[in-house]
Structures are given as C-alpha cells and as structure tokens.
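**Q** Right, I'll just put the structure down here and ask away after.
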Amino acid sequence: MPTDSLKASDLFVQCLESEGVRYVFGVPGEENEDLLFSLAKSTIQFIPTRHEQGAAFMADMWGRLTGQAGVCLATLGPGATNLVTGVADAYLDKSPLVAITGQIDLEQLHQESHQRIDVVRLFQPITKWNSTILNPGVIPEVVRKAFKHAEDEKPGATHIELAEDVAKLPGYGQPIAKREVRRPDPDRYAREQVVELLLAAKRPLIIAGNGAIRKRATRQLRALVHRYRIPVVQTFMGKGSISDRTDESLFSMGLGVRDHVMEAIEASDLILTVGYDLDEYSPERWNPQGKKTIVHIDFTAADIYGQYQPAVELVADTRACLREIHRDLIKHKAKPFDNLWYQPIHKKIEADFRSYDLKEGDSFTVPGVLNILRPLLGDNDLLISDVGAHKLWIGRNWPTYLPNTCMISNGLASMGFALPGAIGAALADPGRTVVAAMGDGGFLMNSQELETAKRLNLGFVVLVFNDNDYGLISWKQEARYGRSVGTKLTNPDFKAYAESFGIKGYRPRTVAELRSHLAEAVQSRKLCLVEVPVETKVNMALTKRLGPLQRSEG
Numbered sequence: 002m003p004t005d006s007l008k009a010s011d012l013f014v015q016c017l018e019s020e021g022v023r024y025v026f027g028v029p030g031e032e033n034e035d036l037l038f039s040l041a042k043s044t045i046q047f048i049p050t051r052h053e054q055g056a057a058f059m060a061d062m063w064g065r066l067t068g069q070a071g072v073c074l075a076t077l078g079p080g081a082t083n084l085v086t087g088v089a090d091a092y093l094d095k096s097p098l099v100a101i102t103g104q105i106d107l108e109q110l111h112q113e114s115h116q117r118i119d120v121v122r123l124f125q126p127i128t129k130w131n132s133t134i135l136n137p138g139v140i141p142e143v144v145r146k147a148f149k150h151a152e153d154e155k156p157g158a159t160h161i162e163l164a165e166d167v168a169k170l171p172g173y174g175q176p177i178a179k180r181e182v183r184r185p186d187p188d189r190y191a192r193e194q195v196v197e198l199l200l201a202a203k204r205p206l207i208i209a210g211n212g213a214i215r216k217r218a219t220r221q222l223r224a225l226v227h228r229y230r231i232p233v234v235q236t237f238m239g240k241g242s243i244s245d246r247t248d249e250s251l252f253s254m255g256l257g258v259r260d261h262v263m264e265a266i267e268a269s270d271l272i273l274t275v276g277y278d279l280d281e282y283s284p285e286r287w288n289p290q291g292k293k294t295i296v297h298i299d300f301t302a303a304d305i306y307g308q309y310q311p312a313v314e315l316v317a318d319t320r321a322c323l324r325e326i327h328r329d330l331i332k333h334k335a336k337p338f339d340n341l342w343y344q345p346i347h348k349k350i351e352a353d354f355r356s357y358d359l360k361e362g363d364s365f366t367v368p369g370v371l372n373i374l375r376p377l378l379g380d381n382d383l384l385i386s387d388v389g390a391h392k393l394w395i396g397r398n399w400p401t402y403l404p405n406t407c408m409i410s411n412g413l414a415s416m417g418f419a420l421p422g423a424i425g426a427a428l429a430d431p432g433r434t435v436v437a438a439m440g441d442g443g444f445l446m447n448s449q450e451l452e453t454a455k456r457l458n459l460g461f462v463v464l465v466f467n468d469n470d471y472g473l474i475s476w477k478q479e480a481r482y483g484r485s486v487g488t489k490l491t492n493p494d495f496k497a498y499a500e501s502f503g504i505k506g507y508r509p510r511t512v513a514e515l516r517s518h519l520a521e522a523v524q525s526r527k528l529c530l531v532e533v534p535v536e537t538k539v540n541m542a543l544t545k546r547l548g549p550l551q552r553s554e555g
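Residue numbers (my numbering): 2 to 555.
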C-alpha cells in the first residue's frame with residue numbers, strides 16, 4: 002500500500018517499526034484509538050496494562066536491559082499524569098524510554114476542555130526532549146528524534162504527544178533510518194594526566210556507577226582492574242560491573258552510613274569514577290571534605306558539586322577511555338598495585354554477609370533470606386529490587402557477578418517498580434530466571450499487574466517481604482526519634498491474593514520451608530508469589546553498629 006494513502010497514525014507506527022519496537026505498554030483511551038488500530042495491523046504487540054504507571058515501569062526495564070527505548074502509551078489527562086512516575090524514574094535512572102500520549106483535537110487546545118492539561122509542559126522537567134505533533138509531515142522526524150535522544154548517552158526518557166485529529170489525517174513521508182553514532186576517543190592530553198596520577202598513586206580505587214554497565218564498558222573495566230589489581234566499589238546501579246567473586250571487588254556503597262567499604266575509600270589516594278552519576282549516591286557521603294583527588298571518566302562532563310571537583314575529566318566513550326588508559330599503563334610498563342591494603346576490607350565484608358545466615362528456629366530477616374536465595378540463582382539470572390528497607394539490604398548484601406543482573410530503582414527510588422519491571426524483563430529475555438523482590442508496601446502499589454503477567458503467560462517469582470509497615474521509614478524514624486509514626490499497615494492474605502489470580506502462592510513458616518519454597522518457586526519457571534514475613538530488628542542492629550541512616554537514602 003503506498004504511503005500517501007495511510008493515516009498519520011499508520012505512518013507513526015511504521016516509524017516505530019523502523020526503530021525496532023517490539024512492544025508498546027499502555028492503557029487504551031479514546032484519544033489514542035487510531036494509534037491502537039494502527040498498532041493492531043503492525044508487527045508491534047500492544048500490551049494492555051492495569052495502570053499507566055505499570056506500563057511506564059515495564060518500558061523502563063525493557064530499556065535498561067536492552068539499550069533500546071521501551072515504549073509506553075497513555076491517553077490524555079489522568080492517563081498522562083499516571084505515566085509521570087515511571088517516566089521520571091527512567092529519566093533519573095538513565096533508562097531509554099519513549100512515552101506517547103494522546104490529546105484532544107488541536108482546534109480545542111486554546112479552550113478549557115474535559116481532561117485537558119498541558120501534557121508537554123507537564124513532561125518537560127522529566128524528559129530529555131518532548132514535543133507535540135502538529136503536522137503529519139513531521140512524524141518521521143519527531144519519532145526519530147525521540148528515539149535518538151532517548152538512546153544516546155546518557156540515555157533517558159522522551160515524550161511525544163499525538164492529538165486525536167492529527168492521528169486521523171493522511172500520512173506522508175517515510176520513516177527515517179537509524180544511524181550509528183560513534184563517540185570520540187578520549188583527549189590525549191587528559192589521558193596523559195590520568196596516567197601520571199595513576200603512576201604516582203599507591204592506593205587507587207575505582208567507583209563504578211550506572212554508566213559502567215552500559216555500552217559494553219564492563220569488559221574494558223574488568224581487564225584494567227584485574228591486570229593492575231585496582232579495587233572497585235560499585236554503586237547500587239553499578240552492581241555487576243565487576244564480579245563480586247574477585248578479590249578486587251569491595252562490593253557496593255549506597256547506605257547513608259559509614260559502612261565497611263568506606264574504610265577503603267578513606268584510605269585511597271586516587272579515585273577514578275567510571276560512569277558515575279551524582280544522583281546514584283551523593284559525593285557528600287564518600288568525600289565529605291571534598292579533598293579526594295578524583296578522575297571523572299564518563300560520556301558527559303562532571304556537574305558542578307562542592308564535594309565532586311575532578312582533577313581530570315575524560316569525557317568520551319567510556320569503553321574507549323578505559324581501553325586507552327590500559328594501553329598507556331602497559332606502554333609505561335606499570336606494575337600491578339599492592340592489594341594488601343584493601344584485602345582485609347574485602348574479607349570483612351564477606352564475613353559480614355555470612356553473619357546473617359539463618360538457622361532453624363530463627364525468625365526470617367531480609368539479609369538472611371537473601372543468603373538462601375542467592376545460591377538458587379545463576380550468575381546471569383536477574384534480581385529486581387523494589388524500594389524500601391529490603392532495597393538497602395539487596396544493594397549492600399547481594400553478591401552480583403555480571404552486569405544487568407541486579408536492577409534497582411535508585412535515581413527516583415520509586416516504590417512499585419519491581420513487579421511491572423519483572424514483566425518488562427521477562428519479555429526482554431524469556432529464557433532468564435527473574436525474581437522481583439519487594440516489600441508489602443511496594444507490592445500493593447502495582448500488584449494489579451499480576452493479571453498482566455498471568456495474561457501474558459510469563460514466568461517469574463514475586464518475593465514479598467512482609468513487615469506490615471512502611472519499613473524503611475520506620476527504620477529511619479526509629480533511628481532518629483526512637484519511635485515511628487504513620488507507618489503501620491494491615492495487609493490481605495497475600496497467598497490467597499496470588500491464588501485469586503490463578504497463580505501459586507507460598508508462605509513459609511520455618512527456615513526449612515523457606516528453603517524448599519524458594520527452591521520450588523525458582524525452579525518452576527512459573528509465575529508465583531512467595532510471601533516472607535520478616536522481623537525488622539536486624540535493621541536497627543545495623544544502624545547501631547554503623548551509625549544512623551541519612552535522609553536521602555531510600
């Protein structure tokens with residue numbers, strides 16, 4: 002069929018196909034019905050979700066795992082506003098995502114109208130780029146621009162508004178083909194400065210952030226680290242950039258306390274940050290005096306921050322930066338660094354993890370459950386963490402061996418992320434074992450997406466840590482005031498709730514049952530829910546041992 006006989010919505014969908022889109026997650030509405038009918042004729046599968054926030058989180062996770070923008074769709078008004086949290090999460094977590102919203106006819110935009118709000122203005126602060134389509138002729142440019150901005154480093158969210166009357170107009174033009182964009186190699190003079198600092202250092206240390214696990218930078222990072230025995234501290238979003246089995250791993254930082262890993266950061270005389278975003282973990286936590294010598298290695302220049310003022314910035318393809326530094330050190334015949342200074346810290350952290358092992362008769366704790374779950378998952382299997390007290394334990398205590406195997410919402414830190422995120426993950430890689438871990442509070446924020454997962458016949462484990470509380474807030478309040486206010490909850494029977502969706506539910510009562518139920522759930526490769534009632538004394542015990550949690554960690 003010639004292009005000039007198509008509707009604008011058909012052309013729009015052709016452009017999505019040209020971008021390689023496989024799924025569009027969303028909620029149908031009157032103002033996007035032309036787009037829905039065009040999708041029905043395409044190779045793209047529209048997946049109806051039970052809430053627009055869930056759709057955005059699914060697209061968010063798809064983008065983080067594949068590097069290709071996930072797509073979510075909503076109508077105007079409340080449909081668009083319901084997308085906001087998931088879009089903002091993708092924006093701050095650097096996940097490529099394209100949001101599409103409907104709108105009333107253009108001729109009504111100047112009037113007050115039913116459900117009409119300025120959606121483009123609403124999305125302005127939480128997207129890299131966003132626009133409305135006023136003319137069908139610009140559809141190829143707008144769609145290509147939205148995907149290019151979403152997927153370019155640093156990735157993030159973009160938004161397109163398609164009004165109802167524009168979608169019905171004749172479409173003309175052709176999709177614009179994707180073109181690979183190559184980033185430049187690092188500046189030679191800046192590279193020489195970095196090598197000089199490394200040759201003069203005695204105890205260099207690398208902080209690996211979110212950007213270290215994108216664009217295949219992990220391979221170059223590991224080669225440099227293992228040859229020169231440089232220790233690596235990973236942010237919660239950088240977990241897996243190196244394997245926690247290696248001696249060079251000092252695991253992760255992310256608590257608002259002076260955890261064991263801070264001993265190494267304080268003892269280091271040079272810090273190289275690789276793909277580190279300031280919103281992952283504030284420099285105030287690890288460089289409070291602002292006196293550390295820092296090398297910034299990233300696709301973009303460092304932001305201005307009092308406690309983060311790099312001596313040198315390598316602004317280029319992160320993978321190329323690491324490769325060239327490695328080559329330069331070889332040319333200078335640099336020797337591996339002494340690893341004796343950080344090995345005791347590595348061993349101390351490992352012993353700390355083991356101290357939470359559960360014995361028969363013990364009450365369940367989050368770190369204890371994690372110690373049972375970890376051996377049940379393979380190196381490439383995926384744990385997705387929601388937000389709450391359990392997130393801090395997962396970020397701190399969950400050993401990770403490969404990139405993109407422990408996914409955490411950390412920039413926005415949004416509750417309700419894990420369950421819809423697991424749907425996006427299961428679609429992105431159907432052969433992979435996925436466990437979505439969440440608290441009772443986060444679970445009930447998007448538990449309706451169990452129906453979506455069941456309808457799609459997806460198989461993954463929903464692990465609910467139940468303390469009948471907004472546990473992280475209680476933890477922080479108790480640390481500051483000795484009591485909590487406004488956090489206590491009541492919950493339904495989660496096992497029965499799962500069974501009402503036609504999925505298997507588990508509720509272990511003993512450590513032996515916990516082991517067998519988790520093993521059965523993971524090995525089944527079916528959609529199921531495991532509710533684990535947890536006691537929370539272990540949270541305050543950690544606070545007393547390490548210090549109070551600060552406000553910004555969550």
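Backbone N, C-alpha and C fix where the C-beta goes; we use that ideal spot for every residue, glycine too.
So, at 6 Å on beta carbons, what are the nonlocal neighbours of Leu225 in its own chain, with the 5 sequence-adjacent residues on each side left out?
**A** Closer than 6 Å at the Cβ level, and outside the excluded window around Leu225, lie Leu323, His327.
**Q** Determine the burial state of Arg397: buried for a count of at least 16 other Cβ atoms within 10 Å of its Cβ, exposed for fewer.
**A** Result: buried.
**Q** Cα-Cα, which of Ala158, His150, Ile208 is closest to Arg180?
**A** Checked all of Ala158, His150, Ile208; the closest Cα to Arg180 is His150.
**Q** Beta strand (DSSP E) containing Gln104: first to last residue?
**A** Counting along the chain, the beta strand (DSSP E) containing Gln104 begins and ends at 98-104.
**Q** Could you tell me if Leu135 is buried or exposed, where buried requires 16 or more neighbouring beta carbons within 10 angstroms of its beta carbon?
**A** With fewer than 16 Cβ atoms within 10 Å of its Cβ, Leu135 is classed as exposed.
**Q** Are the CB atoms of Thr434 and Tyr378 within a distance shorter than 8 Å?
**A** A small correction: the amino acid at residue 378 is Leu; Tyr does not occupy that position in the sequence shown. It is a contact, given that the beta carbons lie within the stated cut-off.
**Q** Between the Cα of Gln344 and those of Cys73, Gln290, Arg204, spot the shortest distance and give me the residue it belongs to.
**A** Minimum Cα distance to Gln344 is reached at Arg204.
**Q** Quick one: using the 10 Å Cβ neighbour count with 16 as the cut-off for buried, is Lys8 buried or exposed?
**A** When all chains shown are included, Lys8 counts as buried.
**Q** In the DSSP assignment, the beta strand (DSSP E) including Val182 goes from what residue to what residue?
**A** Val182 -> no beta strand (DSSP E), and no H or E assigned at all.
**Q** Let me confirm a value: His333 is counted as buried when at least 16 other C-beta atoms fall within 10 Å, else exposed. Which label applies?
**A** Counting Cβ neighbours within 10 Å, His333 comes out exposed, since fewer than 16 surround it.
**Q** DSSP state of Glu476, grouped into three classes?
**A** First, the residue type needs correcting, since residue 476 is Trp and not Glu in the sequence shown. Here Trp476 sits in helix by DSSP.
**Q** If we count Cβ pairs, one from each stretch, closer than 8 Å, do we get three or more for the region 88-101 versus the region 167-175?
**A** Because the criterion of three Cβ pairs below 8 Å is not met, the region 88-101 and the region 167-175 do not touch.
**Q** Go ahead and pull the three-state DSSP assignment for Asn582.
**A** Within the shown structure, residues of the chain are numbered from 2 to 555, placing residue 582 beyond reach of any answer.
**Q** For Ala302, I'd like the list of residues in its chain whose CB is within less than 7 Å of its CB, leaving aside the five on either flank, ordered along the chain.
**A** For Ala302, where only same-chain residues beyond five positions count, the Cβ hits under 7 Å are Glu314, Val316.
**Q** Taking Pro187 and Cys16 to be in contact with their CB atoms under 8 Å, please state how far apart those CB atoms are, rounded to whole angstroms.
**A** Not quite, the Cβ-Cβ distance comes to about 35 Å (not below 8 Å), so this is no contact.
**Q** Name the residue from Gly487, Leu464, Thr102 whose alpha carbon lies nearest to the alpha carbon of Lys496.
**A** With distances taken between Cα atoms, Lys496 lies closest to Leu464.
**Q** Go to Tyr507, then tell me how far its beta strand (DSSP E) extends in each direction, as first and last residue.
**A** Taken as a continuous stretch (DSSP letters only), the beta strand (DSSP E) holding Tyr507 covers 505-507.
**Q** Per DSSP, what kind of secondary structure is Glu361 in: helix, strand or coil?
**A** DSSP places Glu361 in coil when its eight states are reduced to three.
**Q** Any contact between the region 408-423 and the region 364-376? By contact I mean 3 or more CB pairs, one from each, below 8 Å.
**A** Contact between the region 408-423 and the region 364-376 is absent, because fewer than three Cβ pairs lie under 8 Å.
**Q** Ordered along the chain, which non-local residues of its own chain (more than five positions away) have a Cβ less than 7 Å from that of Lys349?
**A** Counting only Cβ-Cβ distances below 7 Å, and skipping sequence neighbours, we find His261.
**Q** How about Leu330 and Tyr229: do their beta carbons lie closer than 8 Å?
**A** Yes; because the gap between Cβ atoms is below 8 Å, this pair is in contact.
**Q** So the alpha helix (DSSP H) Gly522 belongs to, where does it begin and stop?
**A** Checking the sequence shown, residue 522 turns out to be Ala, not Gly. Its alpha helix (DSSP H) spans residues 512-525.
**Q** Whole angstroms is fine: what's the gap from Gly53's alpha carbon to Val121's?
**A** It is worth fixing the name first, because residue 53 is Glu in this sequence and not Gly. Their backbone Cα atoms lie some 17 Å apart in a straight line.
**Q** Return the residue from the list Arg259, Ile208, Glu532 that minimises the CA-CA distance to Leu543.
**A** The shortest C-alpha separation from Leu543 is found at Arg259.
**Q** Is the beta carbon of Gly138 less than 8 Å from the beta carbon of Gly174?
**A** Going by C-beta atoms, Gly138 is nearer than 8 Å to Gly174.
**Q** Tell me whether Ile295 sits in a helix, a strand or coil according to DSSP, three-state version.
**A** Looking at Ile295 - three-state DSSP - the assignment turns out to be strand.
**Q** Assuming Pro404 contacts Ile208 under a Cβ cut-off of 8 Å, what Cβ separation, rounded to an integer in Å, is found between them?
**A** Not quite, the Cβ-Cβ distance comes to about 16 Å (not below 8 Å), so this is no contact.
**Q** Under 7 Å Cβ to Cβ from Glu249, same chain only, skipping five residues before and after it: list those, please.
**A** Taken in chain order, the residues that qualify are Val226, His227, Arg230, Ile231, Pro232, Val233, Ile243.
**Q** Let's test the definition: count the other Cβ atoms within 10 Å of the Cβ of Gly417 and tell me whether it reaches 16, buried, or not, exposed.
**A** By the neighbour-count rule (16 or more Cβ atoms within 10 Å), Gly417 is buried.
**Q** Helix, strand or coil for Phe47 per DSSP?
**A** Phe47: strand per DSSP, three-state reduction.
**Q** With distances taken Cα to Cα, identify the nearest neighbour of Leu420 among Ala499, Trp399, Pro376, Asn469.
**A** When only C-alpha atoms are compared, the closest one is Ala499.
**Q** Just to confirm my understanding: we take Thr44, look at its own chain, exclude 5 residues before and 5 after, and list those with CB closer than 7 Å. What are they?
**A** Answer for Thr44: Glu18, listed in chain order.
**Q** Start and end of the alpha helix (DSSP H) containing Gly27?
**A** Where Gly27 is concerned, there is no enclosing alpha helix (DSSP H), although the beta strand (DSSP E) it sits in stretches over 24-27.
**Q** On a Cα-Cα basis, can you pick out the residue from Ala513, Glu152, Arg481 that is closest to Asp358?
**A** If we check each option's Cα against that of Asp358, Ala513 comes out closest.
**Q** Assign Leu206 to one of three DSSP states: helix, strand, or coil.
**A** In the structure shown, Leu206 sits in a strand (DSSP, three-state: E or B).
**Q** Pick out whichever of Tyr471, Gly432, Val436, Ala427 has its Cα sitting closest to the Cα of Gly442.
**A** That would be Tyr471, whose Cα lies nearest to the Cα of Gly442.
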